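*Asks:*
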Amino acid sequence: MHISEGLLPAPLWLGGYGITALLTGWSLRLLQRLEKDPRRQLPKAALLTAAFFVASSLHLPFPPASLHLLLNGLLGVLLGVLAYPAIVVGLFFQAVAFGHGGLTTLGINAAIMGIPALLAGGIFRAGRRPMGAGLAAFWAGAAGVGLAALLFYGVLMAALLGEGTVSTQAERLALGSLVMAHLPLAAVEGLFTRWVVRFLQRVQPELLGEDAKR
Amino acid sequence: MPKDRAEVVISPDLRGRQFSPPAPLPPSPAWLRRWRPLPKLVGLGALMAACAQVRRLALLPLVWVLVALLWALSGLPLRQGLRRLAAPGALLIAFVALLPLVVGDTILWRWGSLALRWEGLERALCLGGRSLALLALATLLVETTPLPALLAALRAVGIPDLLLELAWLTQRYLQEIGAQWQQMQRAARLRGWQPRGSLWRPGPALRQDLPFLAAAVGTLLVRSYERSERVYQALRLRGYGKAPLLPEERAGDPCSWAASGLAVAVALGLVWVQLGG
């Protein structure tokens, strides 16, 4: 779910950089306010970012092709406010190493993945007590993908409508149905997030507990 | 001994020593590699921003001449560039393939219900050409600049230290964690595990596969977390937090800034022509 270089008009990708600058600045400022030594969190965030970067290469068969997991909801659950900067860094390396996404679209791609990650973290922290960690993790994972799909196609539609490329109702319907096609993926990602969180509860609850206190 | 041959006089203290022929000097680095990171970031960034604005098909040859010139100055092999340009993303390929078939009224060629339309073809060429030019410029930037130098240049333009340190630490451990993940997958296959489920037909096989994969991802996260604690302690012992992790970026030489000025002027010219100047 990356927007490639050159697809978007300037106001959209510049706006994406604006949103990313604001949210990254807010995340880092909040981290500095909450932690006595904010650098203490950086190795953890960096290694988890690297682990997410690697694990998101996991492909699930979906004949005739395959789909890969986004894991932005899980990133929000584990990293809290640091999820947004971690996504900026992860997308930067994806653009640099593989040409996925791009440098001009880094800001808008970070907003598409990072805003749902922050919300997923909020859903998990707000819901883990009343719903239980498993169910809260499911909704966090599903919301991460669902909202990212909505933002992705919203941005794409804005770009295409602005250029007059998508004009007929049938073309809009085709793009809208692509969003609907992501709903099963949201359910799978929700289940996956739930299983990972339950695994971490058994093996390393500290990884969930420390961040959940924020 | 012929008189026209120069006589080599060996001083007494050097007699008996063996001399190898002088090694050839290493070739001078390509010009784009000598362009200092900060001015290069400014210059190529301006060109990328201008190329992203191009909507006129007539401007694309100019953009590509510019990219080809910069590529020639980079000393990068052409094969490397073609390999990078071959993976621009499924979304771009889908757009470039579909636009000529669905957008526009001027039909160039028809085969049954399929029709190739001029307006769509024009947009596809513009979109594809612009995207590939941007990818090529991004490749030039990252392939001719070492990552620590690029991060230091980003700091000089105001990116926060915490974000850059996060990027530096991530790239430091990315390959190791990637190797660990591959090792885990290989070990699972050697123990007889094979993915059998499919999202197309969710059944018992997929219900077995997904929890297994979730446990594998969880294990990777736990190992990474435990390692991060050790990394932090090691970094503290080496003075992390007291001294900057990234090198200070030097301002750059006048030649580098002149090249950046030229790149910014070309970028402004492109924008001016695009806006109808």
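Residue numbers (my numbering), protein chains in the order written: chain A, 6 to 219; chain B, 40 to 316. In this text, a Cβ means the ideal position worked out from N, Cα and C, and glycines have one as well. Everything numeric in this text was worked out from a predicted model, so none of it was measured.
Given Ala-217 (chain A), which residues of its chain have a CB within under 7 Å of its CB, disregarding the five upstream and five downstream residues?
*Replies:* Looking up residue 217 (chain A) in the first sequence gives position 212. Bear in mind that the predicted position of Ala-217 (chain A) carries a pLDDT of just 43, short of 50, making it unreliable; the figure below should be weighed with that in mind. So the qualifying residues of the chain are Arg-130 and Arg-133.
*Asks:* Could you give the distance in angstroms between the alpha-carbon of Arg-38 (chain A) and the alpha-carbon of Pro-116 (chain B)?
*Replies:* In the first sequence, counting from the first residue as 1, residue 38 (chain A) sits at position 33. In the second sequence, counting from the first residue as 1, residue 116 (chain B) sits at position 77. Their backbone Cα atoms lie some 48 Å apart in a straight line.
*Asks:* Please tell me whether Thr-258 (chain B) has its Cβ less than 9 Å away from any Cβ of chain A.
*Replies:* Position 219 of the second sequence, counting from 1, holds the residue named residue 258 (chain B). Chain A contact via Cβ: present.
*Asks:* Keeping to the same chain, check which residues put their C-beta closer than 8 Å to that of Leu-140 (chain B); ignore five residues upstream and five downstream.
*Replies:* As a working note, residue 140 (chain B) is residue 101 in the second sequence. The residues are Leu-153, Ala-154, Leu-155, Arg-156 and Gly-159.
*Asks:* Looking only at its own chain, which residues have a Cβ that is under 6 Å from the Cβ of Ser-299 (chain B), when we skip the five neighbours before and after it?
*Replies:* Counting from one through the second sequence, the residue named residue 299 (chain B) turns up at place 260. Once the five neighbours on either side are set aside, the close Cβ partners of Ser-299 (chain B) are Pro-78, Val-81 and Gly-82.
*Asks:* Could you pull out every residue in the same chain whose Cβ sits closer than 7 Å to the Cβ of Pro-286 (chain B), ignoring the five residues on either side in sequence?
*Replies:* Residue mapping note: residue 286 (chain B) aligns to position 247 of the second sequence, counting from 1. The answer, listed in chain order, is Pro-187 and Ala-191.
*Asks:* Out of A:Thr-198, A:Gln-209, A:Ala-50 and A:Leu-13, point me to the one whose CA is closest to Gly-85 (chain A)'s CA.
*Replies:* Locating residue 85 (chain A) in the first sequence gives position 80, counting from the first residue. Out of A:Thr-198, A:Gln-209, A:Ala-50 and A:Leu-13, A:Ala-50 has the C-alpha closest to the C-alpha of Gly-85 (chain A).
*Asks:* Counting along the chain, where does the alpha helix (DSSP H) carrying Ile-198 (chain B) start and finish?
*Replies:* By 1-based counting over the second sequence, the position of residue 198 (chain B) is 159. Segment: none, Ile-198 (chain B) is in no alpha helix (DSSP H) and carries neither H nor E.
*Asks:* Within the same chain, show all residues whose beta-carbon is closer than 8 Å to that of Trp-53 (chain A), passing over the 5 residues directly before and after it, in chain order.
*Replies:* Within the first sequence, the letter at position 48 stands for residue 53 (chain A). Here residue 53 (chain A) turns out to be Leu, not Trp, going by the sequence shown. Excluding residues within five positions, the ones whose Cβ falls inside 8 Å are Leu-80, Leu-83, Leu-84 and Ala-91.
*Asks:* I'd like the ranges of any beta strand (DSSP E) spanning at least 3 consecutive residues and lying wholly in the segment 88 to 166 of chain B.
*Replies:* Fully enclosed beta strand (DSSP E) runs of 3 or longer: 146 to 150 and 153 to 156.
*Asks:* Cβ closer than 7 Å: which chain B residues qualify as neighbours of Gly-11 (chain A)?
*Replies:* Indexing the first sequence from 1 puts residue 11 (chain A) at position 6. Simply Ala-91, Leu-166, Arg-169, Ser-170 and Leu-173.
*Asks:* Please report the distance separating the alpha-carbon of Leu-252 (chain B) from that of Ala-138 (chain A).
*Replies:* For the purposes of this step, residue 252 (chain B) is identified with residue 213 of the second sequence, where counting begins at 1. For the purposes of this step, residue 138 (chain A) is identified with residue 133 of the first sequence, where counting begins at 1. The straight-line gap from Cα to Cα measures roughly 19 Å.
*Asks:* Give me the chain A residues within the contact set of Pro-100 (chain B), using Cβ-Cβ distance strictly less than 8 Å, ordered along the chain.
*Replies:* In the second sequence, counting from the first residue as 1, residue 100 (chain B) sits at position 61. Within chain A, no residue comes near Pro-100 (chain B); the closest Cβ sits about 16 Å away, beyond 8 Å.
*Asks:* In chain order, what residues of the same chain have a beta carbon less than 7 Å from the beta carbon of Ala-153 (chain A), not counting five sequence neighbours either side?
*Replies:* Sequence index remark: in the first sequence, residue 153 (chain A) carries index 148 (1-based). Only Met-6, Leu-75, Asn-77, Ile-117, Met-118 and Pro-121 meet the Cβ criterion.
*Asks:* On a Cα-Cα basis, can you pick out the residue from B:Ser-267, B:Val-106 and B:Leu-131 that is closest to Thr-209 (chain B)?
*Replies:* Looking up residue 209 (chain B) in the second sequence gives position 170. Answer by Cα proximity: B:Ser-267.
*Asks:* Grouping DSSP H, G and I as helix and E and B as strand, with all else coil, what is Leu-186 (chain B)?
*Replies:* To locate residue 186 (chain B), count along the second sequence from 1; it is residue 147. It is helical.
*Asks:* Give, in chain order, every residue of the segment 153 to 164 of chain B whose Cβ lies closer than 8 Å to some Cβ of chain A.
*Replies:* Cβ contacts with chain A come from Arg-162.
*Asks:* Check whether the Cβ atoms of Arg-162 (chain B) and Leu-147 (chain B) sit closer than 9 Å, and answer yes or no.
*Replies:* Position 123 of the second sequence, counting from 1, holds the residue named residue 162 (chain B). Position 108 of the second sequence, counting from 1, holds the residue named residue 147 (chain B). Cβ atoms of Arg-162 (chain B) and Leu-147 (chain B): not closer than 9 Å.
*Asks:* What are the residues in the segment 204 to 233 of chain B lying within 7 Å of chain A by C-beta distance?
*Replies:* Those residues of the segment 204 to 233 of chain B that come within reach of chain A (Cβ to Cβ, closer than 7 Å) are Glu-204, Leu-205, Ala-206, Leu-208, Thr-209, Gln-210, Tyr-212, Leu-213, Ile-216, Gly-217 and Trp-220.
*Asks:* Once the 5 residues before and after Thr-184 (chain B) are set aside, which same chain residues still bring their CB inside 6 Å of it?
*Replies:* For the purposes of this step, residue 184 (chain B) is taken as residue 145 along the second sequence, with counting starting at 1. Counting only Cβ-Cβ distances below 6 Å, and skipping sequence neighbours, we find Pro-76.
*Asks:* If distances are taken between C-alpha atoms only, which option among B:Arg-262, B:Arg-72 and B:Asp-248 comes closest to Arg-228 (chain B)?
*Replies:* For the purposes of this step, residue 228 (chain B) is taken as the residue at position 189 of the second sequence. Here the closest residue by C-alpha is B:Asp-248.
*Asks:* Return the first residue and the last residue of the alpha helix (DSSP H) that Met-136 (chain A) is part of.
*Replies:* Start at 1 with the first residue of the first sequence, and residue 136 (chain A) comes out as number 131. Here the alpha helix (DSSP H) through Met-136 (chain A) covers 111 to 136.
*Asks:* Could one say the Cβ of Pro-43 (chain A) lies closer than 9 Å to chain B's Cβ atoms, at least one of them?
*Replies:* For the purposes of this step, residue 43 (chain A) is identified with residue 38 of the first sequence, where counting begins at 1. Chain B contact via Cβ: present.
*Asks:* Expressed to the nearest angstrom, what Euclidean distance is found between the alpha-carbon atoms of Ala-85 (chain B) and Glu-40 (chain A)?
*Replies:* Taking the second sequence and counting its residues from 1, one reaches residue 85 (chain B) at position 46. Taking the first sequence and counting its residues from 1, one reaches residue 40 (chain A) at position 35. Looking at the two C-alpha atoms, the distance is approximately 37 Å.
*Asks:* Count the C-beta pairs between the segment 58 to 65 of chain A and the segment 138 to 151 of chain A that are closer than 8 Å, then say yes if the count reaches three, no if not.
*Replies:* No, they do not touch.
*Asks:* For Met-87 (chain B), count neighbouring Cβ atoms within 10 angstroms of its own Cβ and tell me buried if that reaches 16, exposed if not.
*Replies:* To locate residue 87 (chain B), count along the second sequence from 1; it is residue 48. Counting Cβ neighbours within 10 Å, Met-87 (chain B) comes out buried, since at least 16 surround it.
*Asks:* Kindly indicate if chain A contains any beta-carbon less than 9 Å away from that of Ala-191 (chain B).
*Replies:* Start at 1 with the first residue of the second sequence, and residue 191 (chain B) comes out as number 152. So, not an interface residue.
*Asks:* Ordered along the chain, which non-local residues of its own chain (more than five positions away) have a Cβ less than 7 Å from that of Val-69 (chain B)?
*Replies:* As a first step, residue 69 (chain B) is located in the second sequence; it is residue number 30 there, counting from the start. Strictly speaking, residue 69 (chain B) in this sequence is Ala, with Val absent from that position. The residues are Leu-112, Ser-113 and Gly-114.
*Asks:* For the 8 Å Cβ check, are there 3 or more pairs between the segment 8 to 25 of chain A and the segment 101 to 114 of chain A?
*Replies:* In short, these stretches touch, since the Cβ pair count reaches three.
*Asks:* Specify, as a first and last residue, the run of the alpha helix (DSSP H) that Trp-265 (chain A) falls within.
*Replies:* Any property of residue 265 (chain A) remains undetermined from this structure, which presents chain A solely from 6 to 219.
*Asks:* Alpha carbon to alpha carbon, what distance is there between His-73 (chain A) and Arg-230 (chain B)?
*Replies:* What you label residue 230 (chain B) is simply residue 191 of the second sequence in a count that begins at 1. What you label residue 73 (chain A) is simply residue 68 of the first sequence in a count that begins at 1. Cα to Cα, Arg-230 (chain B) sits roughly 24 Å from His-73 (chain A).
*Asks:* Does the distance from the CB of Leu-99 (chain B) to the CB of Ala-172 (chain B) come in under 9 Å?
*Replies:* Along the second sequence, one-based indexing puts residue 99 (chain B) at 60. Along the second sequence, one-based indexing puts residue 172 (chain B) at 133. For Leu-99 (chain B) and Ala-172 (chain B), yes; Cβs fall inside 9 Å.
*Asks:* Got a sec: is the Cβ-Cβ distance from Trp-200 (chain A) to anything in chain B below 9 Å?
*Replies:* To locate residue 200 (chain A), count along the first sequence from 1; it is residue 195. At least one chain B Cβ lies under 9 Å of Trp-200 (chain A).
*Asks:* For Ile-224 (chain A) versus Leu-28 (chain A), is the C-beta distance shorter than 9 Å?
*Replies:* Past the boundaries of the shown model lies residue 224 (chain A); chain A is included only from 6 to 219, so the question cannot be answered.
*Asks:* Output the boundary residues of the alpha helix (DSSP H) element that contains Ile-92 (chain A).
*Replies:* The residue labelled residue 92 (chain A) in the question sits at position 87 within the first sequence. Note, Ile-92 (chain A): alpha helix (DSSP H), 88 to 103.
*Asks:* Per the DSSP calculation, Tyr-279 (chain B) is bridged to which residue(s)?
*Replies:* Taking the second sequence and counting its residues from 1, one reaches residue 279 (chain B) at position 240. BP columns for Tyr-279 (chain B) point to B:Ala-282.
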